[in-house]
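In this note's numbering, the protein residues as written are 6 to 308. By construction, the Cβ of each residue, glycine as well, lies at the ideal position given by its N, Cα and C atoms. Take a look at the structure set out below.
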C-alpha cells in the first residue's frame, strides 16, 4: 500500500499515481502483511529541488546534487515485497536535512534566529551541515544570501516534522502490534570518505547503543558472505536518527547502513553503473535477512 505524507502527518491518498508538482513530505510503501516491524528509511535520496532554493542558490543542479545519497531509494525499491516498510522523501537534502536535530540551525546561514531557538553550534553546523544546509560536497556554499528564520521554519514544517512524525508513528504502531520496531537508516557515502582502508559498506549502531547485537552481527555476516568489505562504526557510527530512534531497552532498534557510492554509480556524473542491479539485489537480500531476524526476535519476545 502506497501512502503519501501530508503536512499534518501521513494519510492514504485514493488517487495515487505520479508524484505531484510539489511532492508531499514523504512516501511510505508498506508490505501487504507486516510481521516483522522493519522500517527502511532513505532520508537523503530525494531529487526534488524547490524553485525557492533554485532562485537563491549560486550553484547549478549538478553541483547541488553532490550532497545527495543518490539512487539509494531505487536500490531498495522492492523493500515492501520483502515484508518491510519503505519510507522515502522526494525533497533534496540540500533543502532540508532530515538526519539532523530540529534545533541544528546554522547562524551563518539563518538570520534573526530568536534567542530561545539558539544553541551552541554542533560540529556539523559549524561545517555548514545543519538541518538547513549551508554547504554541499567539500564545503561549497549553496546560497547567494542568508535565509530568514521564517523561511527555515517553513521548510521544517513542510518536510522535517511530517517525516519524523511518520517514523515515530510507525515505531509506536509496530511496538504496539508486534512488540518491537527495527529502523534501517540507509545512506550512501563518497568513496573518498569510506574509511582507510576503503569500505564498501559501513554499519553503525553507535557502538552497540542503538540496537540489539543480533541485528549488527547478522547484517555484518550477511554482507561479508556476499563479498563486501564491511566496517562497523568506522568512520560512521550512526547519525541523528540512529541515536534518536535506537532505544533497544525499549524494544526499538536502529541500524545505520552507509553504502559506498562507487559500487553502483559514477560519482562525478551522478549516473548509475552497469552493476546497479546486482548491488540492489544484494541490499534487498540484506533487508530480507533483517526481516527474518526481526521475526525470530518477535517469537522469542513472545516466549
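Q: Check residue 174 in the structure and name its three-state DSSP category.
A: helix
Q: Identify, in the order they occur along the chain, each residue of the same chain with its Cβ nearer than 7 Å to the Cβ of residue 216, setting aside the five sequence neighbours on each side.
A: 210, 251, 253, 258, 259, 260
Q | In DSSP terms, what residue 265 is bridged to | A | 194
(Q) For the structure I just gave you, are there three or more beta carbon pairs, one from the segment 80-96 and one from the segment 143-159, closer than 8 Å? (A) no
Q | Straight-line Cα distance separating residue 166 from residue 16 | A | Its pLDDT being 31, under 50, residue 16 is placed unreliably in this model, and the value from its coordinates should be taken loosely. Approximately 15 Å, taken between the alpha carbons.
(Q) Going by DSSP in three states, residue 291 sits in which element: helix, strand or coil? (A) helix
(Q) Within the continuous beta strand (DSSP E) that includes residue 80, where are the two ends? (A) Counting along the chain, residue 80 falls outside any beta strand (DSSP E), though it belongs to the alpha helix (DSSP H) covering 77-80.
Q.
Please tell me whether residue 164 has its Cβ less than 8 Å away from any Cβ of chain D.
A. Here there is only one protein chain, and chain D is not present.
Q.
Tell me the DSSP secondary structure of residue 226 in three-state form.
A. helix
Q) Looking only at C-alpha atoms, which of 141, 97, 272 sits nearest to residue 54? A) 97
Q. Whose C-beta lies closer than 6 Å to the C-beta of residue 263 among residues of the same chain, with five residues either side of it excluded?
A. 192, 194, 207, 241
Q: Could you name the residues that DSSP lists as bridge partners for residue 257?
A: 186, 252
Q.
Going by DSSP in three states, residue 241 sits in which element: helix, strand or coil?
A. coil
Q: Using the Cα positions of residue 230 and residue 90, report the straight-line distance between them to the nearest angstrom.
A: 25 Å
Q: May I ask you to verify whether the segment 28-46 touches the segment 111-120, counting CB pairs closer than 8 Å and requiring at least 3?
A: no
Q. Do the segment 44-53 and the segment 116-126 touch if we need at least three Cβ pairs shorter than 8 Å?
A. no
Q. Anyone know if the C-beta pair for residue 256 and residue 181 falls short of 8 Å?
A. no
Q | Candidates 239, 299, 274: closest to residue 39 by CA position | A | 299
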